[in-house]
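Residue numbers (full-length UniProt numbering): 1 to 165.
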């Protein structure tokens, strides 16, 4: 792997974590498609659109993660059996209410963020700046999306913490 200046023998743990993240993103993507198709009620229009936005973003990230694994000269996981066996994210039922759907998405975000942290930690050990940069941007975006979905799920009377000077 001379073109990357990364020791080929030390990259395997990074690839393992990236493949797990790839599997997680596939299950997350399907969860979002499921919710997009099956949302009902007063929040239909807002959430139907939001779920589509999120699954389109997830689809892009799936491709980028797989391409990073290929850049590191490994094959990415690429079948449903492997995704189901590897992913930290469980499948979801289709007949959930809107609040439960958002709650399940936030739980999936928690799992994605934990897996991203593992990938970054392994990449940091070997100086894999490409993976660190890629995943760092994902973390920032997912944290912001999580904040917004969490805000949606709150009551209008809820307040944020205040700093006492």
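For glycine and all other residues, C-beta sits at the position ideal for the given N, C-alpha and C. Here the structure is a predicted model, which means the values were calculated and not measured.
Item	Value
Taking the alpha helix (DSSP H) that residue 144 belongs to, which residues open and close that run?	129-153
Once the 5 residues before and after residue 212 are set aside, which same chain residues still bring their CB inside 8 Å of it?	Because residue 212 is not part of the residues shown, which for the chain are 1 to 165, the question remains open.
If contacts are defined as beta-carbon pairs under 8 Å, then residue 100 and residue 119 qualify, I think. What distance do you get, rounded to the angstrom?	In fact, because the Cβ distance is near 29 Å, the residues do not count as touching under 8 Å.
Identify, in the order they occur along the chain, each residue of the same chain with its Cβ nearer than 8 Å to the Cβ of residue 58, setting aside the five sequence neighbours on each side.	25, 28, 29, 32
Buried or exposed for residue 7, please, with buried defined as at least 16 other CB atoms from any protein chain shown within 10 angstroms of its CB.	exposed
Can you tell me the Cα-Cα spacing of residue 84 and residue 161, whole angstroms?	39 Å
Work out the CA separation of residue 45 and residue 77 for me, nearest whole Å.	34 Å
What does the alpha-carbon distance come out to for the pair residue 19 and residue 66?	8 Å
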